[in-house]
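> Each residue of the sequence shown is one higher than the last, beginning at 10 in my numbering.
What follows is a structure written as C-alpha cells; I'll ask about it next.
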Amino acid sequence: MNSLKKAWIGLAVCVAAAFICMFTANRIQHGGGSVKVTEGVIDSNEFGNIAYKLYTPESATPEKPAPGVLLLHGYQNDHETCAAYAIELARRGAVVMAIDEFGHGSSEPSMIERGYTNHTVKVNYGEDSIETGTYKTIGGPIRYRLLLNFSNLTFFNDHYSKGTDGSAVVDSSMGGVAAYAVLATMDNVDPTRLAVSGHSMGTWASWSVSAYYAGVTDEKGRDITPKATVLQCGELFTDDIYDKSPLFGNEIYFNNVLLLQAKWDEFNYFRDYKNTVDDALLTSPLRLSFLGTTGRAEWNTTYGSFADGTARRMELLYTNHRLTTHHKGGLATALDWFDKAIDLPTSLAPTDQTAMAKEWLVLAATLLAIGSMLPFSEILLHTKVFGNVRGALPAAKPKTKGAWIKGAVTTILIAAFTYPFMTQLGQGLLPLPEKKIFRMTIGNGFVGWYSLLIIIMIIFTAVGRKKARKAGTPQTWHEAGLSNEEAADKINWKLFGKSTLLTLCMTGFMYLQVFLYEKLFMLDFRFIWPFFKSFSLVRFGQFCVYIVFFAAFYILNNSKIFAGLRTIHTYRPGAKGFLQAWWRYALVMVGGTLVVILIEYIPFFAGLGPGADLLFGSTFGGPFMSLLIVFAPQVLIFSLLGTYFYRRTGNVFTGAMTIAILACWIVTGGSAML
C-alpha cells in the first residue's frame, strides 16, 4: 500500500473516530435524550449581549416548574468549564444556565465593563488597614488593576468598591445578575427554588448575585433569593462585609453556603492568604464566623440548618485549583447540597456521574482532530503545489552526547527561570496598548515571555554562527532548519511561504471540524478548559495580533531545538527512530515547564506552600502557575508535531507554524479579553 493511500485511510479513520466521540459526548450532555440543550444570548442593555448555554430537562414544564441553577465559570474559562455541574444537575431535574462572563467566550462585554478600583489588599477583606500597609493604592495598566480587583465586589462598602480617583466596581457579577433575572422568569422554572454556583473568579460573581437578590421578590410577590450558594474555591470575608445592600436597602444574607476547598490551591485568596490549607484554618475567626460556630470547626461537616438558610459547610478536596470543577467528590457534595436546598426531583445518587465521560470523549476527539492534520498534510505534500516543501534533512552533523546535554540543559533552565517572571509581568505590567490591540490578558503573559526568549535566541544564534565561522566550520541556514538543501546558504523565504500555506490548509481543516461540531452538537475541542473554539470577528483580530509573536518564537525555538539539537536518532527511519528522536525533543521543549512544576508543587505537597509564592512572592504565583497542568501536556503534543514535520520536511517552518497557530488559537479563541 503506497503512502498516499495510507494517508487517505488515516484521514478517514481520524475524522470518523472524532465524529463518533463527539456524537457520544453530545448524547451525554443531553442526558441520553432527557435534557434539551440550547444556546442563546441575554440582551444586557447596559453592557451588551451575554452568551449562555441552557440545559432544560424534559420534566421541567410550566405546569411542573423545576428548580433552577446559575453557573459562573472562572478566569480564562467559559461556560463549558461548568459542564460537569450543568450535566449532573440537569440529569437530576434542574434547569441550568451556564454563562460566558464579561470578557470570556462569546459574550460581548469586555472585562473592563466589570469595573475596578485603585486599591488592593494583601490580607482578607475586613482584616486589612491603611496603617499596616495591607490596604494600598495601586497603579499600572488597566489589566493589572482588573486582576487585583477581582475580589472587590459590588455590594462591598465604598471603602472596597470605590476608588479615590473616581474608579468603581460596576458589576462584579460579570453578567451574573442579568442572567439570574432571565432564569428566574422562565415559565418552566420555580423562582422560589433557585441557586448559584461558581468557580474561582465565578465565586466572587456568585457572592455578588446572591447579595443582589437577597430578599428580592418578583412581580408576583415570590421570594427569588438564591436558596443556596456553592463556591468552588472561593474567598471568605468578615461579617462587616455582609452589611447593607446598596441596591435595595435590605440586609444582605446568604442562604446555605457550601465552600469547596482545594487542598493545593495555587491562589492565595482562596486559602486565606496563608501558605497552606491545613487544620489551622479550622480555628481562624474568619472560618468560624462563616460556619457560625466557636472554638474549632471541622472539615466536611454541615453547620446550621437548611430550613432557615443557615447551613454552612467546608468540604476539603485533595486536588488543586483548576481540577476542582470536575472533582468527583466535590461534585457529589455539591449535588447533595443542592438537593437539600432546592429539592432536586431526582432519585439519582450524588455519586452517579457521567460528566467526565463527556470530557474524555471530547479530549479524544480533540487529539484525533489534531492527528488528522498529519495524513492531510501527507496528501497535500503529494501535490505539485506543496511537493517542494518536503526535503532532506541536512547532512548528518549530529550533536555529541555531551554537546546535546549542554544545549538541552541550557534551553531548559532559561525557559524555567524566565517563565514565572515574564509571564506574570507580561500579563499585568508590560506597557502594551491594551484597549485596542493587546486585549488578551493571558496572551500578554506569553508575549512578555516569548519576547524575552526571542531576544535570547537571536543572541545565541548570532554568537554561535560567529564562533562557527571563526572555527572554519560555518553553519548553513539549512542546518538551522530555515532553508533546504537547494538554497542552504540563505533563509528560504519562498519555502517559508509555502510551508505557511500548507499549515493554513491543515489548521483550516481542523477549524472546519470545530465549526461543524459547534453547529451540530454545541461542543468544541477541549478538555475541561477552552482549547479550540471558532472565532468571532473580534477574537480573530486578536489572533492576527498575537500570531506574529507566536510565529517568531516557535520558528526560532524549533530551529534551536529540532535543528540545532539533532542527534543520530533524528536520522533513523521508522517508528522506532521517531520515538527515539521525539522523547529527546519533548524533554527539551517541556523541560522548562517541568522544572517550574517541580519548583511550585514539591514544597506545596511537602506542606510549606507553593514554590513560586515562597521564592518569588505571591505576585508571581497564581494564574500562570495553575496554568502549568494545562500547558505542559500541550507542549508535549506540540513536540510530537514538531518532530514529525521536521523529519518529514527537513526544515522547521511547517512544524513551527503549525504549533504557533494552534498555541495562538488556544490563547485567543475563548480566554479572557479586555
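We put the CB at the ideal spot given by N, CA and C, even for glycine.
DSSP three-state label for S254, please.
Taking the first residue of the sequence shown as 1, we reach residue 254 at position 245. Residue placement at S254 cannot be trusted, given a pLDDT of 41 that sits under 50; what the coordinates show is reported in the next sentence. It is coil, neither helix nor strand.
> Here's a check: name, in chain order, each residue in its chain whose Cβ is nearer than 6 Å to the Cβ of V398, leaving out the five neighbours to either side.
Along the sequence shown, read from residue 1 onward, the residue named residue 398 stands at position 389. Within the same chain, V398 has close Cβ partners K507, S508, L511, T658.
> Please classify A366 as buried or exposed, where buried requires at least 16 neighbouring CB atoms within 10 angstroms.
Taking the sequence shown and counting its residues from 1, one reaches residue 366 at position 357. Label assigned to A366: exposed.
> Could you have a look at L491 and say whether DSSP puts it in helix, strand or coil?
Here residue 491 refers to the residue found at position 482 when the sequence shown is read from its first residue. The answer is coil: DSSP assigns L491 none of H, G, I, E or B.
> Look at the alpha carbon of F257 and the alpha carbon of L637, and state the distance between them as a whole number of angstroms.
Locating residue 257 in the sequence shown gives position 248, counting from the first residue. Locating residue 637 in the sequence shown gives position 628, counting from the first residue. For F257, the pLDDT reaches just 40, beneath the cut-off of 50, and the residue's location in the model is therefore unreliable, leaving the point undetermined.
> Under 7 Å from any heavy atom of the ligand NAD, does the C-beta of G135 make it?
The ligand NAD is absent from the structure shown, which contains no ligand whatsoever.
> With 16 as the cutoff for other CB atoms within 10 Å, does P612 come out buried or exposed?
Position 603 of the sequence shown, counted from the start, is the residue given in the question as residue 612. P612 should be labelled buried.
> Quick check on this structure: which residue in F28, Y84, E140 has the alpha carbon closest to the alpha carbon of G243?
On the sequence shown, position 234 is the one that residue 243 refers to. Nearest option by C-alpha distance: Y84.
> Check P359 in the structure and name its three-state DSSP category.
Stepping through the sequence shown from its first residue, residue 359 is reached at position 350. P359: coil per DSSP, three-state reduction.
> Could you give the C-beta distance for G678 and F541, rounded to a whole number, given that I count them as a contact under 8 Å?
Sequence index remark: in the sequence shown, residue 678 carries index 669 (1-based). Sequence index remark: in the sequence shown, residue 541 carries index 532 (1-based). Right, their Cβ atoms sit about 6 Å apart.
> Can you confirm whether the region 151 to 164 touches the region 123 to 136 when touching is taken to mean that 3 or more C-beta pairs between the two stretches lie within less than 8 Å?
Yes, they touch.
> Quick one: grab the DSSP three-state call for Q270.
Looking up residue 270 in the sequence shown gives position 261. Note: Q270 maps to strand in three-state DSSP.
> Tell me whether L340 is buried or exposed, calling it buried when 16 or more other Cβ atoms sit within 10 Å of its Cβ.
Position 331 of the sequence shown, counted from the first residue, corresponds to residue 340. Counting Cβ neighbours within 10 Å, L340 comes out buried, since at least 16 surround it.
> Measure the Cβ-Cβ separation of F518 and M382 and say whether it is below 8 Å.
Taking the sequence shown and counting its residues from 1, the one referred to as residue 518 is at position 509. Taking the sequence shown and counting its residues from 1, the one referred to as residue 382 is at position 373. Contact: yes.
> Which class does F56 belong to by DSSP, given the choice of helix, strand or coil?
Mapped onto the sequence shown, residue 56 falls at position 47. Coil, per DSSP.
> Count the other CB atoms, across all protein chains shown, that sit within 10 Å of the CB of S12; report buried if there are 16 or more and exposed otherwise.
Here the question's residue 12 lines up with position 3 in the sequence shown. So S12 counts as exposed.
> If you draw a straight line from the C-alpha of G664 to the C-alpha of R154, how long is it?
Here the question's residue 664 lines up with position 655 in the sequence shown. Here the question's residue 154 lines up with position 145 in the sequence shown. Answer to the nearest angstrom: the Cα atoms are 37 Å apart.
> Please report how far the alpha carbon of A95 lies from the alpha carbon of S215, in whole angstroms.
Counting from one through the sequence shown, the residue named residue 95 turns up at place 86. Counting from one through the sequence shown, the residue named residue 215 turns up at place 206. When rounded, the distance between both Cα atoms is 16 Å.
> Taking only runs of the alpha helix (DSSP H) that begin and end inside the region 107 to 173, which ones reach a length of at least 4 residues, in chain order?
Within the region 107 to 173, the complete alpha helix (DSSP H) runs of at least 4 residues are 151 to 157, 167 to 170.
> Run the CB neighbour count on C23, radius 10 Å, all protein chains shown included, and call it buried at 16 or more, exposed below.
To locate residue 23, count along the sequence shown from 1; it is residue 14. C23 is buried by the Cβ-count criterion.
> If you reduce the DSSP assignment to three classes, tell me which class N567 lands in.
Sequence index remark: in the sequence shown, residue 567 carries index 558 (1-based). Helix at N567.
> Where does F111 land, buried or exposed, given buried means 16+ other C-beta within 10 angstroms?
Position 102 of the sequence shown, counting from 1, holds the residue named residue 111. Buried: at least 16 other Cβ atoms inside 10 Å.
> Check the C-beta distance from F315 over to N265 and give it rounded, since I have them as a contact under 8 Å.
As a working note, residue 315 is residue 306 in the sequence shown. As a working note, residue 265 is residue 256 in the sequence shown. About 6 Å separates the two Cβ atoms, so the contact holds.
> How many Å lie between A358 and A560 at the Cα?
As a first step, residue 358 is located in the sequence shown; it is residue number 349 there, counting from the start. As a first step, residue 560 is located in the sequence shown; it is residue number 551 there, counting from the start. Distance between the alpha carbons of A358 and A560 is about 49 Å.
> State the beta-bridge partners of I51 as determined by DSSP.
By one-based count along the sequence shown, residue 51 stands at place 42. For I51, which the question treats as bridged, DSSP gives the partners I59.
> Quick check: F225 and V186, are their CB atoms within less than 8 Å of each other?
Here the question's residue 225 lines up with position 216 in the sequence shown. Here the question's residue 186 lines up with position 177 in the sequence shown. The question names Phe, but residue 225 is Val in the sequence shown. Contact flag unset, no.
> Along the beta strand (DSSP E) that carries M515, what are the first and last residues, could you check?
Start at 1 with the first residue of the sequence shown, and residue 515 comes out as number 506. That residue, M515, is in no beta strand (DSSP E); its alpha helix (DSSP H) goes 502 to 530.
> Rounded to the nearest angstrom, what separates L20 and L372 at their Cα positions?
In the sequence shown, the residue the question calls residue 20 occupies position 11. In the sequence shown, the residue the question calls residue 372 occupies position 363. Taking the straight line joining both Cα atoms gives about 18 Å.
> Taking the straight line between their C-alpha atoms, what separation do you get for K253 and G135?
Here residue 253 refers to the residue found at position 244 when the sequence shown is read from its first residue. Here residue 135 refers to the residue found at position 126 when the sequence shown is read from its first residue. With a pLDDT of only 47 at K253, under 50, the local geometry of the prediction cannot be trusted, and no value is derived from it.
> For a quick check, are the C-beta atoms of H39 and V46 less than 8 Å apart?
In the sequence shown, counting from the first residue as 1, residue 39 sits at position 30. In the sequence shown, counting from the first residue as 1, residue 46 sits at position 37. Result yes, Cβ atoms of H39 and V46 sit closer than 8 Å.
> Among residues of its own chain, excluding the 5 on either side of P71, which ones have a beta-carbon nearer than 7 Å to its beta-carbon?
Sequence index remark: in the sequence shown, residue 71 carries index 62 (1-based). Within the same chain, P71 has close Cβ partners D196, N197.
> Please tell me whether A27 and A374 are closer than 8 Å, where the distance is taken between their beta carbons.
Mapped onto the sequence shown, residue 27 falls at position 18. Mapped onto the sequence shown, residue 374 falls at position 365. Contact flag set, yes.
> Taking the Cβ atom as the reference point for each residue, do G490 and A404 lie within a distance shorter than 8 Å?
In the sequence shown, the residue the question calls residue 490 occupies position 481. In the sequence shown, the residue the question calls residue 404 occupies position 395. Contact: no.
> Using only CA atoms, which one of V605, F426, Y526, V418 lies nearest to F32?
In the sequence shown, the residue the question calls residue 32 occupies position 23. Here the closest residue by C-alpha is Y526.
> Would you give the residue range spanned by the alpha helix (DSSP H) that W591 belongs to?
Residue 591 sits at position 582 when you count from the first residue of the sequence shown. Start and end: 583 to 614.
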